[in-house]
Amino acid sequence: MSATIAGAIAGLSSREDQASPVRVTFESGYQQTVENGGCRALKTGQGGVTEISTEAKVKFALFSGTSCQGSRALASGHGTVSFGDPVLAGAIVIG
C-alpha cells in the first residue's frame, strides 16, 4: 500500500471512526459526495476538481486514474481546499 493511501486512511479501524462525508466540486459545477473512507472513483465528464470540502480532520488524496493503487497521486491534504488550477483526478481516497 502506498504511503499516500496509508496516510489518508490511517486510523479508520472501526465503523465509528469512518471519515466524514467529502464534497468534491468539479469545473462544471457538479458536486459529488463521497462517504465511508477508502478509495472511490470520481464522476467522469465533469472537468477537473476545483474544491474538496470536508471537516478539518479528514484527510484526502486525489489520484490520476480511477483506482488509487497504481495511479499517481496528484494532490493530498486535509479539510476544505480550493484549487486555483483544476485537478484532473479520477479517484479519491478519504480517511
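Heads up, the sequence shown is in this note's numbering, so the first residue is 1 and it goes up one at a time.
Just so you know, even glycine gets a beta-carbon here, dropped at the ideal spot from N, CA and C.
Values in this document were obtained by computation on a predicted structure and should not be read as measured data.
Exercise for the section: Drop a sphere of 10 angstroms on the beta-carbon of G70, count the other beta-carbons inside from all chains shown, and report buried for 16 or more, exposed for fewer. Expected result: Under this definition G70 is an exposed residue.
Problem - Integer Cβ distance of V81 from E51, believed to fall under 8 Å - result: About 7 Å separates the beta carbon of V81 from that of E51, a gap short enough to meet the 8 Å contact definition.
Practice task
Could you check which residue in V87, V58, L74 and G84 has the C-alpha nearest to that of G38?
Solution key: V58
Problem - DSSP state of T54 mapped onto helix, strand, coil - result: coil
Handout entry: Contact set for G65: own chain, Cβ-Cβ below 6 Å, skip 5 residues either direction
Key = Closer than 6 Å at Cβ, skipping near neighbours: S71 and G90.
Exercise for the section: Tell me A73's beta-bridge partners as DSSP assigns them. Expected result: F63
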